[in-house]
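To keep things clear, I will list the structure first and then write my remarks on it.
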Amino acid sequence: MTETIRALIDRLCENHALSVEEYAQLIDGRDGEAARLLAARADAVRREVYGNRVFIRGLIEISNICKNDCLYCGIRRSNRSCVRYRLEKDDILTCCEEGYALGFRTFVMQGGEDAFFTDEVMTDIVRAIKARYPDCAVTLSLGERGDESYARLREAGADRYLLRHETASPAHYARLHPAEMSFANRMRCLRELKALGYQVGCGFMVGSPHQTTRELAADLKFIEEFAPQMVGIGPFIPHAATPFAGHPAGTVELTCYLLSVIRLIHPNALLPATTALGSIDPKGREKGILAGANVVMPNLSPAAVRKKYELYNNKLSDGDESAQCVAHLRQSMAAIGYEIVTARGDYPSN
Ligand code: 5AD
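Numbers 8 to 357, taken from this note's numbering, label the letters of the sequence shown in order.
Structure below.
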């Protein structure tokens, strides 16, 4: 590690901010020693805020029907080989019941942009979950909707919303998405969600096609300035039935390095060790936690539909990825010194 990199890491720890050029230097100048130093610092600040606690979120993939055609995504509308499904209210409530018994106190409803889930349908589901489980947080991850829709869902009781910004570069955004989608609309959604009082999560894929250090540095600057409560990052993994089939996957190494940087930018952030990270490396989740992540999101979807929510090939859906294996997950976290807890795990309010 050069003295320049060491000085940048020191300054990042002190100021929780760097310039875009400095973020780029930190990325390009990395080596194993820098990664170890960043991870040790990230672990220390995370322990100050959260101790050794790791929060679990029960992920319910409510629909793989999507009106969008994102070039990287396996459930894009033009993928004719995707077997489509949707869960209805009763299925979702059954997932929650099972999840609650397993110790989950956050339910994340994630899905494609499926017109079935109108505001009426969705607010009814959110209200039903909040009525049955008043001690639980409800997180939505349903893509881009109107301001009014986000307001109604919030009013119905939704606490958090995950919407990855995907890339902070408008030009890069345009290369990952079809013409009818826009960076400006993504930003409008994120700003509105924050204004409505949701705990908001943004994020991006590491190693997405056409991404260079410049784009990653812009992502870090965006995350620094937007100050989301949650940041989801995971490696890009190609899906054979998409235009990006031939692109290489992102790496565990760079994902973990960036997790440490993000932890140092926002010590209080809730950072998941994502399914994608666990999917490209059997120890991916543990590596993510050791780099500074403090959330895991096992799958609570009914077993029959799990394989169909295939955003990328070889996506984990069973083993430790399934909520039913939370006992084993607890053991693997304990083995590296972390404790899975049954708590809502909200963002600390001050
Ligand atoms: N590889 C990794 N992550 C993906 N996502 C979508 N497709 C892929 C892929 N091929 C991520 C996107 C999206 C989230 C739900 O999943 O970042 O926001």
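Heads up, the beta-carbon is just placed ideally off N, CA and C, and yes, glycines get one too.
Nothing here was measured: the structure is a model prediction, and the numbers come from that model.
CB contact flag (residue i, residue j, <9 Å)
i, j, result
"A256", "P245", "yes"
"L271", "V52", "yes"
"V61", "V348", "yes"
"R83", "N75", "yes"
"L149", "F124", "yes"
"L297", "L265", "no"
"R18", "E29", "yes"
"A248", "G81", "yes"
"E293", "G58", "no"
"M237", "G208", "yes"
"C77", "H172", "no"
"C102", "E317", "no"
"M212", "L66", "no"
"Y79", "P216", "yes"
"A42", "S189", "no"
"E199", "Y157", "yes"
"K96", "D131", "yes"
"I63", "G352", "yes"
"C20", "R54", "no"
Residue i classed as buried or exposed, judged by whether at least 16 other C-beta atoms fall within 10 angstroms
i, result
"Q338", "exposed"
"R152", "buried"
"G36", "exposed"
"N301", "buried"
"P141", "exposed"
"G344", "exposed"
"R167", "buried"
"T281", "buried"
"R193", "buried"
"E68", "buried"
Contacting residues, own chain, Cβ-Cβ under 7 Å from residue i (five flanking each side not counted)
i, result
"I287", "P242, I244, A256, V259"
"S324", "N306, R313, K314"
"V133", "V145, L160, A163, G164, A165"
"D98", "P309"
"K201", "V207"
"E40", "M8"
Residue i - partner residues in DSSP beta bridges
i, result
"T146", "V115, R167"
"V207", "Y168"
"A93", "Per the sequence shown, the amino acid found at residue 93 is Arg instead of Ala. Answer is S70, bridged to R93."
"F62", "V302, V348"
"G295", "DSSP lists no partner for G295."
"M237", "G208, L277"
"S329", "N306"
"E173", "F211"
"P242", "V213"
Proximal residues to residue i (C-beta, below 8 Å), its chain only, five neighbours per side dropped
i, result
"R161", "L203, G204, Y205"
"I269", "L227, I230, V238, I240, A276, L278, G299"
Beta-carbon contacts of residue i that lie in its chain and below 6 Å, excluding the five residues immediately before and after
i, result
"E222", "T174, S176, H179"
"G110", "T349"
"G291", "V259, L284, G285"
"L15", "E29, L33"
"S70", "R93, G118, G119, D121"
"R182", "H217"
"Y319", "G81, I244, H246"
"D126", "S156, R159"
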